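In the working numbering, the protein residues as written are 6 to 85. Beta carbons are placed, not taken as given, at the ideal position from N, Cα and C, and that holds for glycine. What you are looking at is a predicted structure, and each value in this text was computed from that prediction instead of being measured.
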């Protein structure tokens, strides 16, 4: 499979947690994707945004059910 964007991340959105996966920034050896869990409170969403910035993520894909994706989108929109 061809890689089209190394700077992307996938977020599985749940009611009380977010499971986030991305690749390490360019120049780092990839042994496995980076994986982190974040909560859904505003301060935790800001931590997620900062972490994605540190990982140089430019594109985000969310898998979400219901309305739980909206706060995540509000924090990340225009910043990632």
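List the endpoints of the continuous beta strand (DSSP E) containing residue 26.
22–27
Burial state of residue 34 (16 or more Cβ within 10 Å):
exposed
Could you give the distance in angstroms between the alpha-carbon of residue 57 and the alpha-carbon of residue 17?
15 Å
From the DSSP output, which residues share a beta bridge with residue 43?
23
Are three or more beta carbon pairs between the region 62–69 and the region 37–52 nearer than 8 Å?
no
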